[in-house]
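Undergrad: Questions regarding the structure given below will be posed in turn.
Residue numbers (my numbering): 20 to 431.
This is how it looks when you write it as structure tokens:
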């Protein structure tokens, strides 16, 4: 969308260039004294939009700096005279069009109407490097969507780095994301690259982005805007990284509650993809269950077992379905639903909450306890095998190793 002084007030970029200026022959006419007859040209590129100043008298500006030629991600804003030009994604076009013809997209299976629509959106995004926010309940497969977006992009040969923002201790968030230099803080015995630097030339997947502390959010926003990463205690470095974020929260509500920055939200959610829970696509249980059974070494999953699975609600979504099928493959019976009764966890937390203590402080304490208990159970399940534990937890092996050391859970 553009300022009301622009005619037309919106313009859909296609395969050609869009010329903005005060001249009547321009694609977008801005009748301002500060705007040259042919002021700036816009063109679609894999990174987003290429912005080329056409020798204007008063310049084209991005983040307060005059630019001559620059490629900007969708969601960015430029200044042409006194007019703000928004470079936004055409979300309606992404969601419209024909359904995906198959029942699988880059390893993600689904026969339901909602999944075929989702696959069609992913297919239309192929080749693009636009930022995407994936939302949905825990266990729906948001990480698979992120992987598919990477594999379908022009930077697929580059790295795909996964960061679980909810699993990083609060005091290590900046270091994990942006790196640090030796001696930057107590315990920094060596310099270390952060996730953004490791993802240079590829994709970074920021899972559970809603858990990112407020004080780190403006730093992340600056990285997204400028492409510059500054390690703790170090000098800035330029990186080229595509960002895909995911959350199981309503980020718009988090913004209204003051727990998430509005400008960062709009910068991440250039394109939004919602993955529906499994209970809203029961027809997918059949194909998913049979795939999980095959992966577990079972060639044929009996129809009566499939029908029993389709009758369950699966609050843990696809992840829970996979675990149930794996248990059936190993034991020959379908395990009973979780013994945790509805509302039981809420009642326990209600007894622990101290309304007189700060929210962030209590949340950090609970997270510390959960992380320790989770790691203990995870390592007990894998017999101390950290490689297998990292795979089950969906964490980077080296990051899990640092957590094990921090919580004193390694072998003596």
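Just so you know, even glycine gets a beta-carbon here, dropped at the ideal spot from N, CA and C.
#1: Please report the straight-line C-alpha distance between residue 2 and residue 393, rounded to a whole angstrom.
#2: Quick test of your reading: residue 214 and residue 258, contact by CB under 8 angstroms. State the CB separation rounded to the nearest angstrom.
#3: For residue 29, report the span of its alpha helix (DSSP H) as first-last.
#4: When DSSP labels each residue in this structure, what does residue 20 get in the three-state scheme?
#5: In this structure, how does DSSP classify residue 84 when only helix, strand and coil are distinguished?
#6: With distances taken from CA atoms, which of 342, 253, 125 is nearest residue 166?
#7: Could you pull the DSSP bridge partners for residue 98 from this structure?
#8: Helix, strand or coil: which one does DSSP assign to residue 172?
#9: Roughly how many angstroms lie between the CA atoms of residue 192 and residue 177, to the nearest whole one?
#10: If you pair each beta-carbon of the region 394-401 with each one of the region 410-425, do three or more pairs fall below 8 angstroms?
#11: Spatial neighbours of residue 385 within its chain, please: CB distance less than 6 angstroms, with the 5 preceding and 5 following residues excluded, ordered by chain position.
#12: Say whether the region 209-228 touches the region 261-275, bearing in mind that this needs 3 or more beta-carbon pairs closer than 8 angstroms, one atom from each stretch.
#13: What is the rounded straight-line gap between the Cα of residue 33 and the Cα of residue 339?
#14: Suppose the cutoff is 7 angstroms on Cβ atoms and the five residues either side in sequence are ignored; what does the same chain contact list for residue 431 look like?
#15: Could you spell out where the beta strand (DSSP E) holding residue 346 opens and where it closes?
#16: Among all the DSSP beta bridges, which residues are the ones paired with residue 256?
#17: Under a three-way DSSP split, which group does residue 40 fall into?
#18: If residue 91 and residue 73 are in contact, beta carbons under 8 angstroms, what's the gap, nearest whole angstrom?
#19: Touching or not, the region 324-338 and the region 135-151, by the rule of three or more beta carbon pairs under 8 angstroms?
#20: Three or more C-beta pairs closer than 8 angstroms, one from the region 288-304 and one from the region 244-251: is that the case here?
#21: Tell me, which residues are paired with residue 479 by DSSP?
#22: Could you compute how far the alpha carbon of residue 418 sits from the alpha carbon of residue 196?
#23: Apart from the five residues on each side of it in sequence, which residues of its chain come closer than 8 angstroms, Cβ to Cβ, to residue 139?
#24: Alpha carbon to alpha carbon, how far is residue 103 from residue 51? Give it in angstroms, no decimals.
#25: Answer yes if the region 297-317 comes into contact with the region 338-356, meaning at least three C-beta pairs across the two stretches below 8 angstroms, and no otherwise.
#26: If we call anything under 9 angstroms between Cβ atoms a contact, is residue 391 one with residue 428?
#27: Counting along the chain, where does the alpha helix (DSSP H) carrying residue 314 start and finish?
#28: Beta-carbon within less than 7 angstroms of residue 100's beta-carbon, same chain only, minus the 5 sequence neighbours each way: which residues are those?
#29: Let me know the secondary structure DSSP gives residue 291 once reduced to three states.
#30: Please list the terminal residues of the continuous alpha helix (DSSP H) segment that includes residue 411.
#31: Buried or exposed for residue 389, please, with buried defined as at least 16 other CB atoms from any protein chain shown within 10 angstroms of its CB.
#32: Does DSSP classify residue 156 as helix, strand or coil?
#33: Report the rounded CA-to-CA distance for residue 163 versus residue 314, giving the unit in angstroms.
#34: Check whether the Cβ atoms of residue 261 and residue 174 lie closer than 9 angstroms to each other.
#35: Would DSSP call residue 317 helix, strand or coil?
#36: Label residue 277 either buried or exposed according to how many other C-beta atoms from any shown protein chain fall within 10 Å of its C-beta, with 16 as the threshold for buried.
TA: Let me lay it out:
#1: With the chain running from 20 to 431 in the structure shown, residue 2 is simply not present.
#2: Contact flag wrong, Cβ pair sits at about 10 angstroms.
#3: Taken as a continuous stretch (DSSP letters only), residue 29 belongs to no alpha helix (DSSP H), as it is neither H nor E.
#4: In this prediction, residue 20 scores a pLDDT of 48, lower than 50, which makes its location untrustworthy; the coordinate-derived value is nonetheless stated afterwards. Coil.
#5: Judged by DSSP in its simplified three-state form, residue 84 adopts strand.
#6: For residue 166, the nearest C-alpha among the options comes from 125.
#7: Paired residues: 80, 103.
#8: DSSP places residue 172 in coil when its eight states are reduced to three.
#9: Each residue's CA atom was taken as its position, placing residue 192 and residue 177 some 24 angstroms apart.
#10: With the cut-off at 8 angstroms, the region 394-401 and the region 410-425 touch.
#11: Closer than 6 angstroms at the Cβ level, and outside the excluded window around residue 385, lies no residue.
#12: The region 209-228 vs the region 261-275: in contact.
#13: C-alpha of residue 33 to C-alpha of residue 339: approximately 43 angstroms in a straight line.
#14: The predicted position of residue 431 is uncertain, since its pLDDT is 39 and thus under 50; no value can be drawn from it.
#15: Segment 336-350 is the alpha helix (DSSP H) holding residue 346; no beta strand (DSSP E) there.
#16: For residue 256, which the question treats as bridged, DSSP gives the partners 248.
#17: Under the three-state reduction of DSSP, residue 40 is assigned to strand.
#18: 16 angstroms between Cβ atoms; not a contact.
#19: When Cβ pairs closer than 8 angstroms are counted between the two stretches, the region 324-338 is seen not to touch the region 135-151, the count staying below three.
#20: Taking 8 angstroms as the limit for Cβ pairs, the verdict is that the region 244-251 does not touch the region 288-304.
#21: Residue numbering for the chain in the displayed model covers 20 to 431; residue 479 lies beyond these limits and cannot be assessed.
#22: Near 12 angstroms, if we compare the C-alpha coordinates of residue 196 and residue 418.
#23: Closer than 8 angstroms at Cβ, skipping near neighbours: 116, 117, 118, 119.
#24: Distance between the alpha carbons of residue 51 and residue 103: 12 angstroms.
#25: Judged by Cβ distances under 8 angstroms, the region 338-356 makes contact with the region 297-317, as three or more pairs qualify.
#26: Closer than 9 angstroms, so yes.
#27: Counting along the chain, the alpha helix (DSSP H) containing residue 314 begins and ends at 303-314.
#28: 49, 51, 53, 54, 77, listed in sequence order.
#29: Under the three-state reduction of DSSP, residue 291 is assigned to strand.
#30: Here the alpha helix (DSSP H) through residue 411 covers 405-412.
#31: Residue environment: residue 389 is assigned as exposed (fewer than 16 neighbouring CB atoms within 10 Å of its CB, all protein chains considered).
#32: In this structure, residue 156 counts as coil in the three-state DSSP scheme.
#33: Their Cα atoms are separated by approximately 16 angstroms.
#34: Yes; because the gap between Cβ atoms is below 9 angstroms, this pair is in contact.
#35: Collapsing the DSSP output to three states places residue 317 in coil.
#36: By the beta-carbon neighbour count (other beta carbons within 10 angstroms, threshold 16), residue 277 is exposed.
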